[in-house]
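Asker: Numbering (the numbering used here), first residue to last: 6 to 267.
Given below as structure tokens:
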């Protein structure tokens, strides 16, 4: 993982000094110590973003997320700060990207079309569908479909951390994380959503599953995955996009069904 900078005070002393005494110097040391974490998250998220999106801006928003994490973290609970901070940093970056409306409407519409195509065809055939089948359904050539995937790659990098539905706060990634006990109705919904996610992952091709595993669980960047799998970065980006669109379609369908039953 990331090696934090050596602090002037011990880690626990810095937390105590900031939380108990509101020592600004201690807070500055904490920020400095965990800045490499912001750099790490930024480098993972900047891949695939348009050239007009500044990495410096992404980093700056990540720093704001880190500061927010330091302000809200309860060190007495004995939890891992790096994990908590990573979510806050990513959240701050994603919020800034949403506010900046960095993806053209036409690209979002293409992503939605492909997502719905996967959802419709895989529900019909109960299996993973091929690129040729998706191309036929969308009435585009295989070359045009590949071009669409390249265009929408920017919409899928953060997609597991987006809300399942636009009006929801619950994210797709949150379905993979154990949480404290909730009311029975919520647990039933969560169970079926997790089941849907598992089935969606099972329908991915072997290469798509590998990309998802390396990116979200091993936390490799897309360029690192390209080296591991001996494929070009653009090919890895396409595999990632297809995998995420399949999963988004599966989860959106399940979520709609659950909402109708509520």
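Beta carbons are placed, not taken as given, at the ideal position from N, Cα and C, and that holds for glycine. None of the values given here were measured: they were computed from a predicted structure.
Using three-state DSSP, classify residue 104 as helix, strand or coil.
Answerer: Residue numbering aside, residue 104 sits at position 99 when the chain shown is read from its first letter. Helix, per DSSP.
Asker: Where in the segment 106 to 162 do unbroken runs of the alpha helix (DSSP H), each at least 4 residues long, occur, reported from the N-terminal end onward?
Answerer: Runs found: 110 to 130, 136 to 143 and 147 to 161.
Asker: From the DSSP output, in three-state form, read off residue 28 for me.
Answerer: Here the question's residue 28 lines up with position 23 in the chain shown. In the structure shown, residue 28 sits in coil (DSSP, three-state: anything other than H, G, I, E or B).
Asker: Along the chain, where does the alpha helix (DSSP H) containing residue 216 start, and where does it finish?
Answerer: Reading the chain shown from its first residue, position 211 is the one you call residue 216. Residue 216 -> alpha helix (DSSP H) spans 211 to 217.
Asker: With a threshold of 16 other CB atoms inside 10 Å of the CB of residue 135, please say whether the residue is buried or exposed.
Answerer: Locating residue 135 in the chain shown gives position 130, counting from the first residue. Residue 135 comes out exposed.
Asker: When DSSP labels each residue in this structure, what does residue 78 get in the three-state scheme?
Answerer: As a first step, residue 78 is located in the chain shown; it is residue number 73 there, counting from the start. Residue 78 falls in the coil class under three-state DSSP.
Asker: Can you confirm whether the segment 106 to 126 touches the segment 84 to 95 when touching is taken to mean that 3 or more C-beta pairs between the two stretches lie within less than 8 Å?
Answerer: No, the segment 84 to 95 does not touch the segment 106 to 126.
Asker: Nearest to residue 275 by CA position, among 242, 101, 129 and 65, is which residue?
Answerer: Residue 275 is absent from the structure shown; the chain starts at 6 and stops at 267.
Asker: In three-state terms, what does DSSP make of residue 202?
Answerer: Here residue 202 refers to the residue found at position 197 of the chain shown. Of the three classes helix, strand and coil, the one that applies to residue 202 here is helix, per DSSP.
Asker: Could you compute how far the alpha carbon of residue 143 sits from the alpha carbon of residue 125?
Answerer: As a position in the chain shown, residue 143 is number 138, starting the count at 1. As a position in the chain shown, residue 125 is number 120, starting the count at 1. Approximately 11 Å between the Cα atoms of the pair.
Asker: What residues in its chain sit with their C-beta under 7 Å from that of residue 219, if we drop five residues either side in the sequence?
Answerer: Along the chain shown, one-based indexing puts residue 219 at 214. Once the five neighbours on either side are set aside, the close Cβ partners of residue 219 are 225, 230 and 233.
Asker: Less than 7 Å between the C-beta atoms of residue 116 and residue 63, yes or no?
Answerer: Within the chain shown, the letter at position 111 stands for residue 116. Within the chain shown, the letter at position 58 stands for residue 63. Cβ atoms of residue 116 and residue 63: not closer than 7 Å.
Asker: Would you kindly work out how many angstroms separate the C-alpha atoms of residue 31 and residue 83, rounded to a whole number?
Answerer: Here the question's residue 31 lines up with position 26 in the chain shown. Here the question's residue 83 lines up with position 78 in the chain shown. In a straight line, the C-alpha of residue 31 is about 19 Å away from that of residue 83.
Asker: Let's see if you can read the secondary structure: which residues bound the alpha helix (DSSP H) around residue 233?
Answerer: Indexing the chain shown from 1 puts residue 233 at position 228. Residues 227 to 234.
Asker: Is residue 251 closer than 7 Å to residue 130 when the C-beta atoms are compared?
Answerer: Locating residue 130 in the chain shown gives position 125, counting from the first residue. Locating residue 251 in the chain shown gives position 246, counting from the first residue. No, the pair does not count as a contact, with Cβ atoms beyond the cut-off.
Asker: Taking C-beta to C-beta, are residue 256 and residue 216 nearer than 7 Å?
Answerer: Taking the chain shown and counting its residues from 1, the one referred to as residue 256 is at position 251. Taking the chain shown and counting its residues from 1, the one referred to as residue 216 is at position 211. For residue 256 and residue 216, no; Cβs fall outside 7 Å.
Asker: Could you tell me the alpha carbon to alpha carbon distance between residue 221 and residue 85, rounded to whole angstroms?
Answerer: Taking the first residue of the chain shown as position 1, residue 221 is located at position 216. Taking the first residue of the chain shown as position 1, residue 85 is located at position 80. Distance between the alpha carbons of residue 221 and residue 85 is about 18 Å.
Asker: Would the beta-carbon of residue 75 fall within 7 Å of that of residue 102?
Answerer: Residue mapping note: residue 75 aligns to position 70 of the chain shown, counting from 1. Residue mapping note: residue 102 aligns to position 97 of the chain shown, counting from 1. Cβ atoms of residue 75 and residue 102: not closer than 7 Å.
Asker: Quick one: measure Cβ to Cβ for residue 301 and residue 140, integer angstroms, because I've assumed they're closer than 8 Å.
Answerer: Outside the modelled stretch of the chain, which goes from 6 to 267, sits residue 301, for which no answer is possible.
Asker: Give a yes or no on whether the C-beta atoms belonging to residue 120 and residue 254 are separated by under 7 Å.
Answerer: Start at 1 with the first residue of the chain shown, and residue 120 comes out as number 115. Start at 1 with the first residue of the chain shown, and residue 254 comes out as number 249. Closer than 7 Å, so yes.
Asker: Using the three-state DSSP reduction, which class does residue 67 fall into: helix, strand or coil?
Answerer: Translated into positions along the chain shown, residue 67 becomes position 62. Correct three-state label for residue 67: helix.
Asker: By Cβ distance, which residues of its chain are closer than 6 Å to residue 173, with the 5 residues on each side in sequence left out?
Answerer: The residue given as residue 173 occupies position 168 in the chain shown. Its pLDDT being 40, under 50, residue 173 is placed unreliably in this model, and the value from its coordinates should be taken loosely. Cβ within range, chain order: n/a, list empty.
Asker: Nearest-angstrom Cα distance between residue 22 and residue 16?
Answerer: Start at 1 with the first residue of the chain shown, and residue 22 comes out as number 17. Start at 1 with the first residue of the chain shown, and residue 16 comes out as number 11. Those two C-alpha atoms are separated by around 10 Å.
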